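Here is the structure we will look at, set down as structure tokens.
In the working numbering, the protein residues as written are 7 to 165.
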């Protein structure tokens, strides 16, 4: 398994879009709030400005979410599990991984990796939830991750 290419798990494009829209809504609330404060202090902006204050953050957030989704993920190889996101990266060598399982956290099903130190790490992908966070292949991905962990933990596949 040393020469095999690593398995990669990333959020689906719908999940990336959902993250971006979620952040875009916060941006739209901030820009509209700013627009309302400006309108109260000075003369109100033209009508088309209000549409721009709402649509621009949503589109920007959606694009940013799609781009960030390509950067976020999990790579599983011979050395262990490597997680990466826009802001952080981490590696858990197979010698430190004690258990790997799917768990319910809030409204999502996520994969958690338990280390020999007693700490647990929630993987950035795969995950599944409602609406944009749904991943129809979540169970297959968890099975593949579990299979890779067991094959490294116990020295290969049973014959």
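Think of the CB as a built atom: it goes at the ideal place given N, C-alpha and C, for glycine as much as any other residue. These numbers come from a predicted model, not from an experiment.
Taking the Cα positions, residue 65 is about 36 Å away from residue 98.
When beta bridges are read from the DSSP output, residue 128 appears opposite 118. In terms of CA proximity to residue 78, 21 leads the group 21, 46 and 153. A distance of 8 Å or more separates the beta carbons of residue 133 and residue 119.
Ranked by how close their Cα comes to the Cα of residue 95, the residues 44, 145 and 129 have 129 in first place.
Secondary structure within the region 29 to 82: the beta strand (DSSP E) runs of 3 or more consecutive residues, fully enclosed, are 79 to 82 (chain order). In this structure, the alpha-carbon of residue 140 lies about 11 Å from that of residue 19. Sequence-distant partners of residue 14 (beyond 5 residues in either direction) whose C-beta falls short of 8 Å from its own C-beta, in its chain, are 79, 80, 81 and 82. When rounded, the separation of the alpha-carbon atoms in residue 126 and residue 69 is 31 Å.
The alpha carbon of residue 28 has as its nearest neighbour, out of 12, 63, 91 and 106, the alpha carbon of 63. Here DSSP, grouped into helix, strand and coil, assigns residue 15 to strand. In the DSSP assignment, residue 145 falls within the alpha helix (DSSP H) that extends over 144 to 159. The beta carbon of residue 85 sits closer than 8 Å to those of 97, 99 and 100, all from its chain and outside the five residues before and after it, given in chain order. Residue nearest to residue 90 within the set 75, 102 and 103 is 75 (criterion: CA-CA distance).
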